[in-house]
Amino acid sequence: EAGVAQSPRYKIIEKRQSVAFWCNPISGHATLYWYQQILGQGPKLLIQFQNNGVVDDSQLPKDRFSAERLKGVDSTLKIQPAKLEDSAVYLCASSLTQGTSSYEQYFGPGTRLTVT
Amino acid sequence: AQKITQTQPGMFVQEKEAVTLDCTYDTSDQSYGLFWYKQPSSGEMIFLIYQGSYDEQNATEGRYSLNFQKARKSANLVISASQLGDSAMYFCAMREGGRWRGAQKLVFGQGTRLTINP
Numbered sequence: 060e061a062g063v064a065q066s067p068r069y070k071i072i073e074k075r076q077s078v079a080f081w082c083n084p085i086s087g088h089a090t091l092y093w094y095q096q097i098l099g100q101g102p103k104l105l106i107q108f109q110n111n112g113v114v115d116d117s118q119l120p121k122d123r124f125s126a127e128r129l130k131g132v133d134s135t136l137k138i139q140p141a142k143l144e145d146s147a148v149y150l151c152a153s154s155l156t157q158g159t160s161s162y163e164q165y166f167g168p169g170t171r172l173t174v175t
Numbered sequence: 036a037q038k039i040t041q042t043q044p045g046m047f048v049q050e051k052e053a054v055t056l057d058c059t060y061d062t063s064d065q066s067y068g069l070f071w072y073k074q075p076s077s078g079e080m081i082f083l084i085y086q087g088s089y090d091e092q093n094a095t096e097g098r099y100s101l102n103f104q105k106a107r108k109s110a111n112l113v114i115s116a117s118q119l120g121d122s123a124m125y126f127c128a129m130r131e132g133g134r135w136r137g138a139q140k141l142v143f144g145q146g147t148r149l150t151i152n153p
């Protein structure tokens, strides 16, 4: 079974530029998550989708971050304009909504963003 | 208020020894789940073990076991017979109960960096 795919793996941009990340979840997983992991910290949820609807975006800085999952499968996360403090690893995860008691989240390899 | 607390920023253990990584949590929900993830230097998050709040037995998965003490709100990870490949960051996370179990976010602790020495 293919895992969660993310691209690009690394990105370096200057502040005030824009950047987009792509995620393709595991086939059949209806729930998709974007996390931000700043160096030395645990991941923090930015946004959560159930199919193509947003379940939780309470910690998404909406003045500069946006995300979409138009067809309920893959998703893009965009930052515009980027700030120095956005330097982090952006992790995408997916999970089933039923069938397992743990609702384990499967993570992709992440995109390491450096803003200079 | 911090929901997941991992008090050990770093741990150093000799190969083949057992190691316990501490995790305490805070919740007022009766239904919740606790997870441990491993993050090697390559960056991916690898699921290790899960404990549900209503599970009567402590969870085990191979060399991993979870020492769940509900009254103390602790969920420590025990790794038996440690190996060099166990060197990584380890994160404790909690999923709280709610109206829609299948769409609940995880809240992570700060992590513990485990180093296994040969």
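Just so you know, the protein sequences line up as chains V and Z, in that order. In terms of my numbering, the first sequence is residues 60 to 175. In terms of my numbering, the second sequence is residues 36 to 153. Quick reminder that beta carbons are idealized off the backbone N, C-alpha and C, glycines included. The model shown is predicted, which means the values in this text are computed figures rather than measured ones.
Query, Result
"Applying the criterion that 16 or more other CB atoms from any shown protein chain within 10 Å of the CB defines a buried residue, is D145 of chain V buried or exposed?", "buried"
"Hey, out of V:A64, V:R68, V:V148, V:T173, whose CA is closest to V85 of chain V's CA?", "This sequence places Ile at residue 85 of chain V; Val is not what is there. Residue V:A64 is the option with its Cα nearest to I85 of chain V."
"So the candidates are Z:N111, Z:D121, Z:S115, Z:A123; which of them puts its Cα closest to the Cα of M129 of chain Z?", "Z:N111"
"What's the gap between the Cα of C151 of chain V and the Cα of F47 of chain Z?", "30 Å"
"Could you have a look at G99 of chain V and say whether DSSP puts it in helix, strand or coil?", "coil"
"For V132 of chain V, which option in V:A147, V:A141, V:P120, V:N110 has the closest C-alpha, if you only look at C-alpha atoms?", "V:N110"
"With 16 other CB atoms within 10 Å as the buried threshold, where does D121 of chain Z fall?", "buried"
"With DSSP collapsed to three states, give me the class of L69 of chain Z.", "strand"
"Per DSSP, what are the beta-bridge partners of N93 of chain Z in this structure?", "None, per the DSSP bridge assignment."
"Which residues in the same chain have their Cβ closer than 7 Å to the Cβ of L143 of chain V, if we skip the five residues on either side of it in sequence?", "K74, V174"
"Counting only Cβ-Cβ distances shorter than 7 Å, please list the residues of the segment 76 to 110 of chain Z near chain V, keeping chain order.", "G78, E79, M80, F82, Y85, G87"
"Could you pull the DSSP bridge partners for L91 of chain V from this structure?", "V:F108, V:S153"
"Can you tell which of Z:C127, Z:Y99, Z:A94, Z:Q65 has its C-alpha closest to the C-alpha of A106 of chain Z?", "Z:Q65"
"Any beta carbon of chain V sitting closer than 8 Å to that of G45 of chain Z?", "no"
"Could you tell me whether any Cβ in chain Z is nearer than 8 Å to the Cβ of G101 of chain V?", "yes"
"Along chain V, in chain order, which residues have C-beta atoms closer than 8 Å to that of K140 of chain Z?", "Y92, L104, Q107, D115"
"Does Q41 of chain Z pass the burial test, meaning 16 or more other C-beta atoms within 10 Å, or should it be called exposed?", "buried"
"If distances are taken between C-alpha atoms only, which option among V:A126, V:Y69, V:S77 comes closest to W93 of chain V?", "V:A126"
"With 8 Å set as the bound, which would you pick, yes or no: does the beta-carbon of F166 of chain V sit closer than that to a beta-carbon of chain Z?", "yes"
"Using alpha carbons as the reference points, say which of Z:G87, Z:M124, Z:V142 lies closest to I151 of chain Z.", "Z:M124"
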